[in-house]
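Novice: Numbering of the sequence shown is given in our numbering, commencing with residue 132 and proceeding in unit increments.
Positions of the beta carbon are idealized from the N, C-alpha and C atoms, including for glycine.
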Amino acid sequence: MRVLFIEDDAMNRRVVRDMLQVVGAEMAEAEDGAAGLAAVDGGAFDLLLVDLRMPGMDGLTAISRIRARADAKAGVPIIVVTADTAADLRESCLGAGADDVILKPVAMKQLFTAMGRVMVGAGRRNDSSCAA
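1. Could you tell me which of Ile210, Ala166, Gly167, Glu162 sits nearest to Met250, measuring between CA atoms?
2. Excluding the five sequence neighbours on either side, which residues of its own chain have a C-beta within less than 8 Å of the C-beta of Pro186, listed in chain order?
3. Since Arg213 is in the beta strand (DSSP E), which residue starts that stretch and which ends it?
4. I need the DSSP call for Asp258, collapsed to helix, strand or coil.
5. In chain order, what residues of the same chain lie with their CB nearer than 7 Å to the CB of Leu151, ignoring the 5 residues before and after it?
6. Pull up the distance between the alpha-carbon of Thr192 and that of Met132, whole angstroms please.
7. Ile233 and Asp182 look like a contact to me (Cβ under 8 Å); what is the Cβ gap, rounded to whole Å?
8. Drop a sphere of 10 angstroms on the beta-carbon of Ala238, count the other beta-carbons inside from all chains shown, and report buried for 16 or more, exposed for fewer.
9. In the DSSP assignment, find the unbroken alpha helix (DSSP H) run with Arg198 in it and report its ends.
10. Pull up the DSSP beta-bridge partners for Arg133, would you.
11. Starting from Leu178, follow its DSSP beta bridges and name the residues at the other end.
12. To the nearest angstrom, how far is it from the Cα of Arg145 to the Cα of Val154?
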């Protein structure tokens, strides 16, 4: 599995990379939304993890732009990883196109549970789109 983590904090990226290595996942990194979009343009990812609060382009804008693509990359599962606890956070993230939201500090069980949920959901989307 290949994961892109769009996150401005190097320590947060390191912690998540260490967690993903436990299950043999490969993680690419981008430090802000613009770099994340460039990484999506240039690579193939099974999952995106996206922080909300970053300098330059924020996570919601990056998610909206990914979902607006005209290619298959628009459908890659996205999990928001944030320290934000606003009351309408989940609705805002889902409205922008995220598949799930988890809160920092990220716990391994929390991350893997969310990954399982969105990957199963992605499989259902792909199965239904292939049905004739």
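Specialist: Concretely, from the data shown:
1. Ile210
2. Asp139, Asp163
3. Before going further, note that residue 213 is Thr rather than Arg in the sequence given. 209-213 is the extent of the beta strand (DSSP E) around Thr213.
4. With a pLDDT of only 47 at Asp258, under the threshold of 50, the placement of this residue in the model should not be trusted; the figure read from the coordinates follows. Reduced to three states, the DSSP call for Asp258 is helix.
5. Val134, Met158
6. 25 Å
7. Incorrect: roughly 11 Å between the Cβ atoms, too far for contact.
8. exposed
9. 190-198
10. Glu157
11. Val134
12. 15 Å
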